[in-house]
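Asker: Sharing a structure with you now.
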Amino acid sequence: MTTMRPEQPTPDYVPGHGLLTDKVVVVTAAAGAGIGAAVARRALEESAAVVIISDTHERRLAEAHESLGAEFGADRVRSLAVDVTDEAQVQALLDIADEHGGVDVMVNNAGLGGTADVLEMTDDEWSRVLDITLTGTFRCVRAAGNRMRAAGKRGVIVNNASVIGWRAQEGQAHYAAAKAGVMALTRCAALDVAPYGIRVNAVAPSLAMHPFLAKVTSDELLAELKQREAFGRAAEPWEVANVMVFLASDYSTYLTGEVISVSSQRA
Numbered sequence: 548m549t550t551m552r553p554e555q556p557t558p559d560y561v562p563g564h565g566l567l568t569d570k571v572v573v574v575t576a577a578a579g580a581g582i583g584a585a586v587a588r589r590a591l592e593e594s595a596a597v598v599i600i601s602d603t604h605e606r607r608l609a610e611a612h613e614s615l616g617a618e619f620g621a622d623r624v625r626s627l628a629v630d631v632t633d634e635a636q637v638q639a640l641l642d643i644a645d646e647h648g649g650v651d652v653m654v655n656n657a658g659l660g661g662t663a664d665v666l667e668m669t670d671d672e673w674s675r676v677l678d679i680t681l682t683g684t685f686r687c688v689r690a691a692g693n694r695m696r697a698a699g700k701r702g703v704i705v706n707n708a709s710v711i712g713w714r715a716q717e718g719q720a721h722y723a724a725a726k727a728g729v730m731a732l733t734r735c736a737a738l739d740v741a742p743y744g745i746r747v748n749a750v751a752p753s754l755a756m757h758p759f760l761a762k763v764t765s766d767e768l769l770a771e772l773k774q775r776e777a778f779g780r781a782a783e784p785w786e787v788a789n790v791m792v793f794l795a796s797d798y799s800t801y802l803t804g805e806v807i808s809v810s811s812q813r814a
């Protein structure tokens, strides 16, 4: 018999403590109300000098830029519409960071999901999810790593993986393969860049609630997913962002090549 987990209250939002003071932070897929947007906000609250946000959705990106600039100062926020499947666009994003002294923290949040039975999945469905979620992350790791190495920066790269990279779920072969790849990429890239003092880590969230997710997911499935979690509720995007900021900060200087599960669904 499955035990019904009572939904625990969401904890209070914790104010910033200057963990990213004077850092230049780049965040992909940061428009909207999901994890990327929460990371961008948290980085500004943690006293980042400049936060550069990107997304493929230009209208939402412009709205995010305007909102963050009004709250934290227009001089601390930059933005660029970027498709991580395009190498030139990824490089242009890092060019903006160079205008402010170069990237110190690269947060790779861009990814694409979807549901398709493996027997019915098309090559295009498979390839698009892999190109955005895995190869897009690779392009950003490579671009940021090379900029950090050239500048002599002991920078940090934080990737967004998923617990689905560890466990099976119907209809998610492409997404699970991509996220498992992000985990392996994180571990191997960490060793490649360690000689330059650069760290690479990842988070693996499960269910982080935001309006778009609620819109595209049935109430029944959301309730089921919440019951799988120890606290009986979804994570707030800012709770995942807090872990990403910790990985980007000097509180984790000896931590590299790790994937931190922001969920009780490690397996």
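No gaps in the numbering here: position 127 of the sequence shown is 674 in the working numbering, and each next residue is one more. Idealized CB from N, CA, C, for every residue including glycine.
I'd like the ranges of any beta strand (DSSP E) spanning at least 3 consecutive residues and lying wholly in the segment 683 to 731.
Answerer: The segment 683 to 731 contains these whole beta strand (DSSP E) runs: 703 to 707.
Asker: CB-CB under 6 angstroms to Ala708, same chain, minus the five flanking residues each way: which ones, in chain order?
Answerer: Lys726, Val729, Met730, Ala749, Ala751 and Val806
Asker: Between the C-alpha atoms of Val629 and Val705, what's the straight-line distance to the nearest angstrom?
Answerer: Looking at the two C-alpha atoms, the distance is approximately 18 angstroms.
Asker: Quick check: the segment 578 to 587 against the segment 608 to 617, are there 3 or more CB pairs under 8 angstroms?
Answerer: yes
Asker: Since I believe Ile582 is in contact with Asn656 (beta carbons under 8 angstroms), could you give me their beta-carbon distance rounded to a whole number of angstroms?
Answerer: 6 angstroms
Asker: What's the gap between the Cα of Leu769 and the Cα of Thr557?
Answerer: 17 angstroms
Asker: Give the DSSP bridge partners of Arg625, in chain order.
Answerer: Ile599
Asker: So, at 6 angstroms on beta carbons, what are the nonlocal neighbours of Val573 in its own chain, with the 5 sequence-adjacent residues on each side left out?
Answerer: Ile599, Ala644, Val650 and Met653
Asker: Tell me the DSSP secondary structure of Met668 in three-state form.
Answerer: coil
Asker: Whole-angstrom Cβ separation of Ile591 and Arg623, contact assumed at under 8 angstroms?
Answerer: For clarity, residue 591 is Leu in the given sequence; the question names Ile instead. Leu591 to Arg623, Cβ: 6 angstroms. Contact.
Asker: Pick helix, strand or coil for Ser808, following the three-state DSSP scheme.
Answerer: strand
Asker: Check whether the segment 775 to 790 touches the segment 552 to 566, counting contact only when three or more Cβ pairs, one atom from each stretch, lie closer than 8 angstroms.
Answerer: yes
Asker: Count the other C-beta atoms from every protein chain shown that fall within 10 angstroms of the C-beta of Tyr798, then say buried if there are 16 or more, exposed otherwise.
Answerer: exposed
Asker: Give the straight-line distance between the Cα atoms of Met548 and Lys773, rounded to the nearest whole angstrom.
Answerer: For Met548, the predicted model reports a pLDDT of 42, less than 50, meaning its position is unreliable and no value from the coordinates is stated.
Asker: Tell me whether the beta-carbon of Leu659 lies closer than 8 angstroms to the beta-carbon of Val637.
Answerer: no
Asker: Taking 8 angstroms as the threshold (C-beta atoms), are Leu640 and Val792 in contact?
Answerer: no
Asker: Quick check on the burial criterion: 16 or more other C-beta atoms within 10 angstroms. Buried or exposed for Tyr801?
Answerer: exposed
Asker: Verify whether the separation of the beta carbon atoms of Gly804 and Val747 is less than 8 angstroms.
Answerer: yes
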